[in-house]
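Peer 1:
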Amino acid sequence: MTELIKTPRTGETLPVKAGKRTNPLANVFDELVRFAQSRSLFMLHYCTGCGAIELPPSMTSRFDMERLGIQPMVSPRQADILLVTGYVSVKTLKRIILTYEQMGSPKYVIGICSCTVNGGMYWQSYATAKKLNDYMPVDIYIAGCMPRPEAVIAGLRELMENIRQGKADSWKDYYRHYDHYLGHQQRLFGETWQTPTDVIAEARHYGLFGPDTLGTHTALLEQHQRPLEALEMKVDIPELMARR
Amino acid sequence: MRPENYEAQRQPPSHEYELNIGPNHPGIEGNYAFKLRLHGDRVLEGKADAGYLHRGFEKLMEGRLWIQNLAITPRICVPDPVPMEVSYCLAVEELCGLEIPERAQWLRVLQLELSRIAAHLFTFGGHAATTGMYSPMFWGIADRDLVLDLFEELTGGRVYHIYNIPGGVRRDAPDGFLDRVRSTLDYLDSRLPDYDNLLFTNQVFVHRAKGVGTMSREQALEWGVTGPNLRATGLEFDVRRDDPYLVYDDLDFDIPTEEAGDAWARTLVRRKELVQSIRIARQVIAALPSIAGPIRCPIPNPLAWNVPAGSVYTRVESSKGELAWYVVSNGGERPYRTHVRGPSQMHAVQVLEKLSVGCRLEDVAQTMFSLDACPPEVDR
Amino acid sequence: MTKDLSTWLDTLLDELQGIEVRRKSSRRIRVDVQPDALPALLELLRGRASYVHLSAISCVDWIEENEFELVYHVWSYEIGSLVSAHTRIARDPGVYISVYDIYTPAAFFERDIHEMFGVFFEGSPDMSKFILTEWDGPPPMRKDFDSEAWVNAHFDFQDYQPDWLKEIEAKGGGVAVRPDEQRFSRRDVDAS
Amino acid sequence: MRDIDYKDKGGILNPLKSLSFFGRSSVTVPLEPRAASANYRGFHLNDWEACIGCSTCQKVCDNAAITMVSIPDLPQDPAKGIRNLRPAIDYGRCCWCALCVDLCPTGSISLSREYVHTCLDSELDSYFVLPDSNGIHGTPYPKGWAKSEDADLVALERARMEELPPPERIGNFNEIVAGYDANQAIIEASRCVQCGMCFDACPTHMNAPEYIRAIWKGDLEQAVREIYRTNPFAHTCGRVCTHRCEDACSVGHRGTPIAIRWLKRYAMDAVDHERVKRIAAEGKARFLSGKRVAVVGAGPAGLTAAFDLIKQGYEVTVFEARPKAGGMVRYGIPDYRLPQDRIDRDVDVIASLGVKIRYGTQVGTDITMAELERDYDAVILTIGLWMGRSTRIPGSDHPRVKRAVTLLRDVAEKVKVSVPASAIVIGGGNVAMDVARTIARLQKQTYGQVKVTVTALEDLEHFLADPEEIKEAREEGVEILPARGPQEILFKPRKYEVDKIHGLRTWRVLSIFDAQGRFAPRHDEADEQIHEGEMVVEAIGQAAEVEVLGEELTERLDWNRGRLEIDDQGRTNLSWLWAAGDMVRGPDVVSAVADGHRVALSINGVLSIREDAA
Amino acid sequence: MIEGAVSSYEKIKSKTSLREILEVACSFEASARDFYTDLIPKVGKNMRWLVEELAAEEQQHFDLLNGLASREDIAEQIKAEVRIPTTDTRFSDAVQLPDLGAKPDDQAVLQYAMGREQIAMEHYRSLAEGTEPGPIHDLFGYLADEETKHKTELEKVYYEVVHSGGV
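First to last, the sequence lines map onto chains A, B, C, D and E.
The letter at position 91 of the first sequence is residue 91 when you use full-length UniProt numbering, and the numbering goes up by one with no holes.
The letter at position 14 of the second sequence is residue 14 when you use full-length UniProt numbering, and the numbering goes up by one with no holes.
The letter at position 61 of the third sequence is residue 61 when you use full-length UniProt numbering, and the numbering goes up by one with no holes.
The letter at position 233 of the fourth sequence is residue 233 when you use full-length UniProt numbering, and the numbering goes up by one with no holes.
The letter at position 82 of the fifth sequence is residue 82 when you use full-length UniProt numbering, and the numbering goes up by one with no holes.
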């Protein structure tokens, strides 16, 4: 088990594209992009915990989040929002991290229910994670156990507003402070923990590589990393073999 | 260390392949994985993979006071939480020898049946959605929300009611509540023909559902199947009637059965149970005004409550089948051991694994939903 | 094949030594039986007395007696009664015989008890992990596993510093009793 | 109610019937959150005026979501059971089960109908909330789930205590209250929410939550152990304590407080006396310090100090003027409230530790203070308040006008008292009630009927006696006349050698206190009454008999408004002399016990420092 | 001794000017102060505080009246004062006038002091009633009120010392 070094997660702004640009037209363009982003969000339909039971009502006729331009999406690759609905067991947490890393940027994480904040009623449980923001950056929290559909809708509207204003950019934090998040993941899953996504390379790609992207934990990751191997496919259907 | 089932564990010949369904998938009410080995689109083998919702309930309950556990119990099965609360309360009451006031018993029955209605509406919708029909799902969920409105009014919470307490219930029904229950029941009743048109007499659905996940009565008994799934194989058994609790003895209701034992029969049994639940709920509404008296018998101070040593096994009929608590007290302030037996522990694991064999890939999700499997019951 | 209740009970009592039967109510019967006689009892209950439904197998860790108690809840659809067969096995090594060949549902319960308590059932079809596949600690339901200690070793909790608290602290007040200092759910009064 | 006739009747076109829904209005609700139901369990509200900071919510919280925060601006009053703590809720833990609401002894906590709270990661501190009556965001929302009539999870009423009915108790001095049996005691003990307000309020800070819990668990020896940690007058306090703990009890805010005193009594009565002695001796020093301490007066304060000091290895001698120990507890409290054998037990426990009690030794005459000063390392003065005060109205110097203290002592010592057929008691305190009820019993025994009149300056609202005492006295046939100012004792026309008392003339008191709550009686002369009685007993107050100190010592000591001047540790201005008990604190058993501990602690501190210095 | 005090109040009747009346009243206060001062060594140390307080009170009163006598605008001052009539609560009526003897106790001293104030108050009151409305009437009324106030204060002390309530 690695000794966890706490990296302060400051909200310092790096000189990247988020800031105001000198060209006023470019600013208008940015505004437009953000507006468009906020009005068309796909929410990954992954029920992590009990809060998920209020999502079907939120999605369907009565509370109807499609009014806001939000729809469920089955695949992480095309999803914008990761809703963490309540407690995440350690086993689920691994999947959530995998899922999160596979989502394309910009991506937003919503922590619903008490459990994502401070363990909720499972604070004594050996099986659930306590603070979601130890493992991935969170854009918005919705309080409740579980929050009603109205509260979920309110949270989503808040998120939309934040996206429009450019405030919802926690996804960048994951790249900038990858070492911090990886550290918590390693503390819980063991130091051999690795995911198929090369986060560091992505950070470089997005221009979000910062001084806190690398650290002791990423070093540990490199030490243990096994290269990903493609699954071996044995094709032994005679016709196919013959054609080949 | 990667998640262990991230990679396929076996290297199959190419016409056979493995497919991970879940833990993110539409076939089940929760976070649950199902690993399939397929030949083309035929399932050769299915393996359930649970634990995504594991919280260690039973461990947590050993560390909390008897009354503190009330908040945990409904979380064991999210779509149908009331039977969890009630059966836990029944267990504590039996250990303590508490006499539940009659009014509380009737209020409990009302909740149980409303909860069953809500759960069944949810299940129809889900089942329809797994066959690609989304309208019944939208309807089912919207109508279920009306029942949740009733719960909100009665218990102060939409989903987690925490309304039952050993000894009775926590608050009396508010003024005019029964009238609102009545009108909601009337509305739901009037909706049934719509559901029939859209789903139950819809030949597309009927043909999709028939013959899927068939089991015989003997198999069902062998595999420990309970609840609507068992009744769909023709066995007329219901804990409410055959091992009665609360005031079910005094109520007039039928136990619908079907013979076919397939997905269609299971859904049909639920459809018929909906009618019976509405019938029971109406009887409760009619009876409640004339049953005066307290809603709770005196209980010890929750902070100083030693439940007499002993063990008890209480069973109730949840919307999914036989739900039971085995509660052991060593005479202390906290349960020494609680063990919950959820119907899905059979349905979502062994039964599903067996029924999926030979199924086509597109019917797997339907099989799951028709069994009404609830993963948190398995994981606890 | 509805048998008179007393008939089979008598039969059972005749055939098995060291078995204690208690009627708790009209539908609940408690049977205490030695571990080696339990499979035979279940065989009889199922074969001769129509107790075809294994409702659950519960395990209780009686750590002070150094024993595991296994309780088999079986139900007869015909008689309408539930027999809870209690038996106790030594906590160490915690090995027992599977009843899978009598009751199929036993597979799930035995697997569950194995991963939660570490009791091994010989002859059970699958003793591999199911729920706790990614858990490498001790069987968590054992009484000697302290969940809270494990949590404290592996997780941090929030350290809130809201403005109102800072204001109160500036005036000389502040957090007086933390939840963990006065938790009734765990306070060990016996230790005082 | 239609059941489905599904037998493959439907057609493939059946779903098309649903097309009729095109014309119907949508079920969609507006985007803004709906109003929640009347008992919705939303965010917390807490009425700070009603909240007493007892932490019961924190104890019942299953999620450890509640932190108690001390707020310096708020009032703090241990005697009334008020702490300046208020609960803060962690919404990262809370599950809105509302057990805190249902268990709250005051009903201050409730849940509102507000349910929307969202925040950014950087604003997560907003999940930790100190609820007041304004709601989490300061916007007014109506109350949702709140305390209702039938919502209390703690029984608000006490377990019933058997008592002798008035006809059975009036003719004798048998103890009135039966005491709890085991079952009742456990039920009563189970009502405790363990807030510890009683501990704060008790002058000697008894570990009431601990012994109540021990009683509930059936571990009575542990209960006795907890009791003896702070109170060696356990039997006495279990019966006649002024139970400030019960006034502070948080359950008392909405119901009757836990019967803490009766529970103590139960524990003490239930454990074998020999066992009690062994428990009390636990922790006694195995060495002797070689220091000697003298105690003047074997009352609660003196014996408590002796108990503490002997356990710390001191040699303690107690000088008692009377033939038995116990002081005012023995000679001032009638048997029906506190049987003598219970005091014997308390004294026996203390004496069994090795405390020497020299009975019949009046300091001042049999032994002087100067001798004590010479022979002992420290002297504790606990002489109590033994001088009964007189109104000194005309006629009050008559031999049939008695002082309460004297009369009670005579009865306790079984001195022959000539029982008057009718009597008047002047005074409105518990002593007056004791006297009246004692005379009533004697009258019943002698004449078969009761004729006692109590006149008090105070009106019923300001009565000093416990309401319980007043009620019981009335039940026993004592006539209580509040708001009567005594003017004169009247005599019968002279026929005999000594005048015979005819009665007492009183005026009505219009009001007794001024706006500042200080004494300022106003009389109504027009409302004059004459109460007939053969004997008058004055029970208006007591003073210390400081004459025992002798003139020389009196001059050396510092005084403060008639009372011996002491510091907060009970030390006088003389380095060898401490004072404790009623004479410095005013009359109260449990305060005297607390005082005893205080001086014992001080003496131990001072003497051990002296030893170190030597 | 009390009788002596009573007779001395007769003297004041003959005085006709405000200043003269005040001077005589001052002399009464002075004699009371001297009386208490003389008493101080006679009582035990434990109750000396009481007698000392009484002496101090009388001294204070003396200073007050003396100060008033030396002012030019006595009449106006008194007019302003008498607007607040002090009521006699008549508690001390019931108290016997004790013989102080050689070793008086605290209760006796208090009763004596209260009796003294009572008598003074009654005399001033009757003097006030015996004069026509005007400055002299007001002055007697004022003096009566002052004595009443003092007596009320003593009553409070008396209640606290004597009526400690009982157990």
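Glycine included, C-beta positions come from ideal geometry on N, C-alpha and C.
Note that this is a predicted model, so its numbers are computed, not measured.
Could you work out which residue in 128(C), 53(C), 153(C) and 37(C) is closest to residue 76(C) when comparing CA atoms only?
Peer 2: Answer by Cα proximity: 53(C).
Peer 1: Let me check you understand the geometry: is the CB of residue 130(A) closer than 8 Å to at least one non-hydrogen atom of the ligand HEM?
Peer 2: What this structure holds is no ligand at all, so the ligand HEM is not there to describe.
Peer 1: Give a yes or no on whether 9 Å exceeds the smallest Cβ distance from residue 161(C) to chain D.
Peer 2: Closer than 9 Å to some Cβ of chain D, the Cβ of residue 161(C) qualifies, so yes.
Peer 1: Of all the residues that make up the stretch 101-123 of chain D, which are near chain A by a beta-carbon distance shorter than 8 Å?
Peer 2: Going along the stretch 101-123 of chain D in chain order, one finds 115, 116, 117, 118, 119, 120, 121 and 122 with a Cβ nearer than 8 Å to chain A.
Peer 1: Using a Cβ-Cβ cut-off of 8 Å (strictly less than) and excluding sequence neighbours within five positions of residue 361(D), which residues of its own chain qualify?
Peer 2: The residues are 319, 320, 321 and 367.
Peer 1: Quick check: is the beta carbon of residue 93(D) nearer than 9 Å to any beta carbon in chain A?
Peer 2: So, interface residue.
Peer 1: Report the three-state DSSP secondary structure of residue 77(C) (helix, strand or coil).
Peer 2: Residue 77(C): coil per DSSP, three-state reduction.
Peer 1: Given residue 499(D), which residues of its chain have a CB within under 8 Å of its CB, disregarding the five upstream and five downstream residues?
Peer 2: Closer than 8 Å at the Cβ level, and outside the excluded window around residue 499(D), lie 398, 491 and 492.
Peer 1: Who are the near neighbours of residue 75(B) in its chain, counting only those whose CB is closer than 6 Å to its CB and skipping five residues on each side?
Peer 2: Excluding sequence neighbours, residue 75(B) sits near nothing in its chain.
Peer 1: CB-CB under 8 Å to residue 156(D), same chain, minus the five flanking residues each way: which ones, in chain order?
Peer 2: Once the five neighbours on either side are set aside, the close Cβ partners of residue 156(D) are 251, 254, 255 and 256.
Peer 1: Looking only at DSSP bridge pairs, what is residue 72(C) linked to?
Peer 2: 57(C) and 85(C), per the DSSP bridge assignment.
Peer 1: What number of angstroms, rounded off, separates the C-alpha of residue 70(A) from the C-alpha of residue 143(B)?
Peer 2: Cα to Cα, residue 70(A) sits roughly 22 Å from residue 143(B).
Peer 1: Between which residues of its own chain and residue 178(C) is the CB-CB distance below 8 Å, once the five residues before and five after are set aside?
Peer 2: For residue 178(C), where only same-chain residues beyond five positions count, there are no Cβ hits under 8 Å.
Peer 1: Measure the C-alpha to C-alpha separation of residue 26(E) and residue 106(E) and round it to an integer number of angstroms.
Peer 2: Residue 26(E) and residue 106(E): Cα-Cα distance of roughly 26 Å.
Peer 1: Keeping to the same chain, check which residues put their C-beta closer than 6 Å to that of residue 125(B); ignore five residues upstream and five downstream.
Peer 2: For residue 125(B), where only same-chain residues beyond five positions count, the Cβ hits under 6 Å are 136, 137, 140 and 141.
Peer 1: Assuming residue 620(D) contacts residue 62(D) under a Cβ cut-off of 8 Å, what Cβ separation, rounded to an integer in Å, is found between them?
Peer 2: This structure gives no information on residue 620(D), because the portion of chain D shown stretches from 1 to 614.
Peer 1: Would you report the Cα separation of residue 190(B) and residue 58(A), rounded to the nearest angstrom?
Peer 2: Looking at the two C-alpha atoms, the distance is approximately 24 Å.
Peer 1: State yes or no: is the beta carbon of residue 40(D) nearer than 9 Å to at least one beta carbon in chain B?
Peer 2: It does; some Cβ of chain B falls within 9 Å.
Peer 1: Quick one: measure Cβ to Cβ for residue 450(D) and residue 501(D), integer angstroms, because I've assumed they're closer than 8 Å.
Peer 2: Not quite, the Cβ-Cβ distance comes to about 18 Å (not below 8 Å), so this is no contact.
Peer 1: Beta-carbon within less than 8 Å of residue 191(C)'s beta-carbon, same chain only, minus the 5 sequence neighbours each way: which residues are those?
Peer 2: Because the pLDDT at residue 191(C) is just 37, under 50, the model does not fix this residue reliably, and the value given afterwards should be weighed accordingly. Closer than 8 Å at the Cβ level, and outside the excluded window around residue 191(C), lies no residue.
Peer 1: Just tell me which of 117(D), 438(D), 261(D) and 112(D) has its CA closest to the CA of residue 173(D).
Peer 2: The option with the nearest alpha carbon to residue 173(D) is 438(D).
Peer 1: Can you tell me whether residue 551(D) is buried or exposed? The criterion is at least 16 other CB atoms within 10 Å of its CB, across all chains shown.
Peer 2: By the 10 Å Cβ count, residue 551(D) comes out exposed.
Peer 1: When you compare the stretch 309-322 of chain B with the stretch 236-246 of chain B, are there three or more beta-carbon pairs, one atom per stretch, that lie closer than 8 Å?
Peer 2: The stretch 309-322 of chain B is in contact with the stretch 236-246 of chain B.
Peer 1: Thinking just about the alpha-carbon of each residue, which of 104(E), 22(E) and 162(E) is nearest to the one in residue 41(E)?
Peer 2: The shortest Cα separation from residue 41(E) among 104(E), 22(E) and 162(E) belongs to 104(E).
Peer 1: Do you know how far the Cα of residue 472(D) is from the Cα of residue 86(B)?
Peer 2: Going from the Cα of residue 86(B) to the Cα of residue 472(D) covers about 48 Å.
Peer 1: Using a Cβ-Cβ cutoff of 7 Å, what residues of the stretch 72-103 of chain C are near chain B? List them in chain order.
Peer 2: Hits within the stretch, in order: 73, 77, 80, 82 and 84.
Peer 1: Label residue 530(D) either buried or exposed according to how many other C-beta atoms from any shown protein chain fall within 10 Å of its C-beta, with 16 as the threshold for buried.
Peer 2: With fewer than 16 other Cβ atoms within 10 Å, it is exposed.
Peer 1: Taking the continuous beta strand (DSSP E) assigned at residue 20(B), which residues delimit it?
Peer 2: Segment 16-21, the beta strand (DSSP E) holding residue 20(B).
Peer 1: To test your reading of the DSSP string, which unbroken beta strand (DSSP E) runs of 3 or more residues are found completely within the stretch 128-155 of chain C?
Peer 2: Counting only runs of 3 or more, we get nothing.
Peer 1: Measuring straight from C-alpha to C-alpha, what distance separates residue 340(D) and residue 87(C)?
Peer 2: Looking at the two C-alpha atoms, the distance is approximately 57 Å.
Peer 1: Using 9 Å as the limit for Cβ to Cβ distance, is residue 117(A) near chain C?
Peer 2: Closer than 9 Å: yes.
Peer 1: Between residue 380(D) and residue 599(D), is the Cβ-Cβ spacing less than 9 Å?
Peer 2: Yes, the pair counts as a contact, with Cβ atoms nearer than the cut-off.
Peer 1: With a threshold of 8 Å on Cβ separation, who are the neighbours of residue 29(C) within its own chain once the five nearest residues in sequence on each side are excluded?
Peer 2: Here the set comprises 21, 22, 23, 81, 82, 83 and 84.
Peer 1: Just to confirm my understanding: we take residue 190(A), look at its own chain, exclude 5 residues before and 5 after, and list those with CB closer than 6 Å. What are they?
Peer 2: Within the same chain, residue 190(A) has no close Cβ partners at all.
Peer 1: What are the boundary residues of the alpha helix (DSSP H) that includes residue 41(C)?
Peer 2: That run of the alpha helix (DSSP H) goes 38-49.
Peer 1: How about residue 61(A) and residue 28(D): do their beta carbons lie closer than 9 Å?
Peer 2: Yes, they are a contact pair.
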